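J.: Numbering-wise (numbering that gives the first Met the number 0), the sequence shown opens with residue 0 and increments by one. After the structure tokens below, expect a handful of questions from me.
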Amino acid sequence: MFGRSRPTAPDPAAEPSTAPATATAPARGPGAQPSTAHPAGSAAGAGAAAEPSTAPAAVTLRSVSKRYGRGDATVHALRGVDIALPGGSFTAVMGPSGSGKSTFLQCAAGLDRPTSGSVLLGDTDLTRLRENALTDVRLTRIGFVFQSFNLLPALTVHQNVLLPLKLAKRRARPERAEELLTRVGLPGIGRRRPAELSGGQQQRVAIARALVTDPDVVFADEPTGALDTTSAAEVLALLREAVDDLGATVVMVTHEPAAAGWADLALFLVDGVIVDRLAEVEPERVADRIRHLTTAAARARTGQVR
Numbered sequence: 000m001f002g003r004s005r006p007t008a009p010d011p012a013a014e015p016s017t018a019p020a021t022a023t024a025p026a027r028g029p030g031a032q033p034s035t036a037h038p039a040g041s042a043a044g045a046g047a048a049a050e051p052s053t054a055p056a057a058v059t060l061r062s063v064s065k066r067y068g069r070g071d072a073t074v075h076a077l078r079g080v081d082i083a084l085p086g087g088s089f090t091a092v093m094g095p096s097g098s099g100k101s102t103f104l105q106c107a108a109g110l111d112r113p114t115s116g117s118v119l120l121g122d123t124d125l126t127r128l129r130e131n132a133l134t135d136v137r138l139t140r141i142g143f144v145f146q147s148f149n150l151l152p153a154l155t156v157h158q159n160v161l162l163p164l165k166l167a168k169r170r171a172r173p174e175r176a177e178e179l180l181t182r183v184g185l186p187g188i189g190r191r192r193p194a195e196l197s198g199g200q201q202q203r204v205a206i207a208r209a210l211v212t213d214p215d216v217v218f219a220d221e222p223t224g225a226l227d228t229t230s231a232a233e234v235l236a237l238l239r240e241a242v243d244d245l246g247a248t249v250v251m252v253t254h255e256p257a258a259a260g261w262a263d264l265a266l267f268l269v270d271g272v273i274v275d276r277l278a279e280v281e282p283e284r285v286a287d288r289i290r291h292l293t294t295a296a297a298r299a300r301t302g303q304v305r
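Written out as structure tokens, the structure is:
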């Protein structure tokens, strides 16, 4: 699988970072030594006490619930979720099908409003913003990476990367696009159209677009779901680099234990509730936890709970 060994990220051909990744964050990816620093509210393995983080929260969910429908047809997608994710961290959100992970991301990113509770981006309460203000926050302070890339086929690569700046009516310099394309290993392709690129290249362009505004948080929804294993590893390495080298905060929904192995923290949702978390994220442990939670959820639904 793509997470078995952490590959070298695509050569950015840019000036190297003045500090190694290990100076700001522990080396991650399967095969790396487990971190001894754990994000706020996380457990250092099952049953271990949490160690507080000194980083302020980048994203906070307070008693967040999301319901769809009414009466007997009500679906509880999230149930009283409380979590604070520190800045400069990489969080993987996992769970069985229908667990609420996509709803978690949509509410945390301001794409959907919770039925109750509050969502904070830094100190900004997204649930209190009017739609115009919320749109501005999404354009300027949040980056998005989707499974289907979501590049506009009529635009060049440069234009796609700079689109968030254009929409936010901020200066969109071609040099900024080229700088980011170089960082993700794609220098000199700015005049091409998305159709001329492979899936892995398109997703790297999407990562460049997500970083163009220097966002507070990057939300990634199954970013490797449509990629081959080699391209997936390259994309995950770039997300990891964004955290380690740029100080970005990444929240990623994934169903792949190997992808979660690149994160600092894995959250596990079942029926809209965070039921577990791992701060030493190793694919084998993640896979075991997912199998256990999936089996337990199935038994609970059929009344066979031990």
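Each residue gets a CB set at the ideal place from its N, CA and C atoms; glycine is no exception. All values derive from a computational prediction rather than experimental measurement.
Just mark Glu130 as buried or exposed, buried being the case when its beta carbon has 16 or more other beta carbons within 10 Å.
T.: Under this definition Glu130 is an exposed residue.
J.: Could you have a look at Ala247 and say whether DSSP puts it in helix, strand or coil?
T.: Ala247 falls in the coil class under three-state DSSP.
J.: Have a look at Val160 and Ala76 and give me their C-alpha separation to the nearest angstrom.
T.: Val160 and Ala76: Cα-Cα distance of roughly 33 Å.
J.: Kindly indicate the opening and closing residues of the beta strand (DSSP E) around Gly199.
T.: No beta strand (DSSP E) holds Gly199; the alpha helix (DSSP H) holding it covers Gly198 to Leu210.
J.: What span of residues does the alpha helix (DSSP H) with Ala132 cover, start to end?
T.: Where Ala132 is concerned, the enclosing alpha helix (DSSP H) stretches over Glu130 to Arg140.
J.: Helix, strand or coil: how does DSSP classify Leu150 here?
T.: In the structure shown, Leu150 sits in coil (DSSP, three-state: anything other than H, G, I, E or B).
J.: If we count the other Cβ atoms within 10 Å of its Cβ and call it buried at 16 or more, is Arg288 buried or exposed?
T.: Its Cβ being crowded by 16 or more others within 10 Å, Arg288 is buried.
J.: Among Ala296, Thr90 and Thr59, whose alpha-carbon lies nearest the alpha-carbon of Val80?
T.: Among Ala296, Thr90 and Thr59, the Cα nearest to that of Val80 belongs to Thr59.
J.: Rounded to whole angstroms, what's the CA-CA distance from Pro113 to Gly68? Just pull it up for me.
T.: Their Cα atoms are separated by approximately 13 Å.
J.: Give me the residue from Arg175, Ala83, Ile188 and Phe89 with the minimum Cα distance to Val242.
T.: With distances taken between Cα atoms, Val242 lies closest to Phe89.
J.: For Glu233 versus Gln146, is the C-beta distance shorter than 8 Å?
T.: In this structure, Gln146 does not lie closer than 8 Å to Glu233 by Cβ.
J.: Straight-line CA distance for Leu210 to Leu264?
T.: So the alpha carbons of these two residues sit roughly 21 Å apart.
J.: Just to confirm the assignment, what range does the alpha helix (DSSP H) spanning Pro173 have?
T.: Run containing Pro173: Pro173 to Arg182, per the alpha helix (DSSP H) assignment.
J.: Should Leu151 be labelled buried (16 or more other beta-carbon atoms within 10 Å of its own) or exposed?
T.: Per the 10 Å Cβ criterion, exposed.
J.: For Arg127, tell me which candidate among Ile141, Thr139 and Cys106 has the shortest Cα-Cα distance.
T.: Ranking Ile141, Thr139 and Cys106 by Cα distance to Arg127 puts Cys106 first.
J.: Report, in whole angstroms, the separation of the C-beta atoms of Gly109 and Val136, which I expect to be a contact under 8 Å.
T.: Correct: roughly 6 Å between the Cβ atoms.
J.: Contact between the segment 196 to 209 and the segment 159 to 179 is defined here as three or more beta-carbon pairs at a separation below 8 Å; is this criterion met?
T.: With the cut-off at 8 Å, the segment 196 to 209 and the segment 159 to 179 touch.
J.: Quick check: what's the CA-CA separation for Arg169 versus Thr102?
T.: Going by the C-alpha atoms only, they are around 30 Å apart.
J.: Counting C-beta neighbours from all protein chains within 10 Å, is the total for Asp71 16 or more, i.e. buried, or is it exposed?
T.: Asp71 comes out exposed.
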